[in-house]
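With mature numbering (1 follows the signal peptide of the UniProt record, and there is no 0) as the guide, the letters of the sequence shown map in order to residues -19 to -1, 1 to 243. Written below as C-alpha cells is the structure these notes are about.
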Amino acid sequence: MKHFIALFLVLAVIPLASPQEPLQKATIDDDDMQVKFTLFNRKSLTMKHFIALFLVLAVIPLASPQEPLQKATIDDDDMQVHKDKRVISAGTAIAVGQFSINVLNNVLAAIGKVSRKIAIGVENESGLKWEALNVFFRYGASDITLPMKVENAKALLYTARKSHSIFMTGTSAVFTYSMSDGNTLAVLFVVPYNKLSFSNWWNVKVYNGRKMADWRMWKELYNKNPFPANAWHQRNLGYGVKVKGYMTNAGEATLQIRISKA
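Below you can see the structure in the form of C-alpha cells.
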C-alpha cells in the first residue's frame, strides 16, 4: 500500500516539472512580453522543480523498507528478553551455574502467603546420577513433585509448607534419592511452627544400598547430629562424597546444599 501511494504521488508531480506548457505559452506573445514571460517561466519552472523534488523526497520514506525491518528486529529482541526472564520453578533440576539464593527466594515466593514454608536447592557435584525415591512428611505438605532425575552438575529444586489446617504445625520431612553407585542420599529439613522454643534444622546422610524414606529415617536424622540454621556446615558423608550447606532460621526458610566429591 505504501509503494502504491508513493507511485501515485510521483506520477502526480510529473506534470508540475514538465516545461512544455510554459515554453509554448511564452512563444505566442510579442517580443517584449516574451522576455517577461521567459523570466516568469524560468522562475515558475524553478519553483515547480523544487515542489516536485520536495514531494518525491517526502514519499521516499513511504516506500522504504527500513521501518518494518527495524520493527522486526525489536520484536526479536523482545522475544529474547522474555526467554532470558523465563521463570524457574520448583520440581525441576537446573544447571548448577543457574542456581543461586535469588532462585531459591523466587521459588519460595511462588508458594504464596504461608507462615511456615521452605525452598530447598541441592546441587549435585558428586559425579553421580540421582533418581528420586520418595518423601516422608512428619508434618506439613508439598505441592511439588520431587524432580525425577538429577544429573551431575544439576541442582534440584523442591518446596514444602505447613498444612492448610487449624493445627499449628510447621513443615518437616525427609526425601531420598538413589545414586548411580547403588547408595541412597537422604535430606532432612525442619521448619517448626513455634519459633520461640524451636529452631530450624537440617541433615544429610548417605545410606548403604537403596533405602526409602520413612518414620525411622526421619527420627534418626532428626536426633543424630543435625545442623542448626544460620551457619555454614560441612561434613564428610563417606562413600566418596561430602556435604556443605546453609539454612536460614526464618519461618519462610531457604536451604542450600552442595553434594560434591570428597
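Glycine residues also receive a C-beta, built at the ideal position from the N, C-alpha and C atoms.
| Hey, A76 and V103: beta-carbon distance below 8 Å or not? | no
| said: From the DSSP secondary-structure annotation, give me the bridge partner or partners of M160. | reply: W111
| task | Using three-state DSSP, classify D65 as helix, strand or coil. | result | Note that D65 scores a pLDDT of 39, beneath 50, so its modelled location is shaky; the value from the coordinates is reported in the next line. Looking at D65 - three-state DSSP - the assignment turns out to be helix.
| task | Kindly list the residues whose CB is nearer than 8 Å to the CB of K242, restricted to its own chain and excluding five residues on each side of it in sequence; keep chain order. | result | E106, S107, G108, G221, V222 and K223
| field | Contact between the region 144 to 161 and the region 73 to 91 (3+ Cβ pairs under 8 Å) | value | no
| request: Just the C-alpha distance for N204 and G78, rounded to the nearest angstrom, thanks. | output: 34 Å
| said: The alpha helix (DSSP H) that contains L89, what's its start and end? | reply: I82 to A90
| query | Just how far apart, CA to CA, sit Y188 and I240? | reply | 14 Å
| field | Helix, strand or coil at D10 according to DSSP, with G and I counted as helix | value | Because the pLDDT at D10 is just 49, under 50, the model does not fix this residue reliably, and the value given afterwards should be weighed accordingly. In this structure, D10 counts as coil in the three-state DSSP scheme.
| Taking buried to mean at least 16 other C-beta atoms within 10 Å of its own C-beta, is residue 259 buried or exposed? | Residue 259 is absent from the structure shown; the chain starts at -19 and stops at 243.
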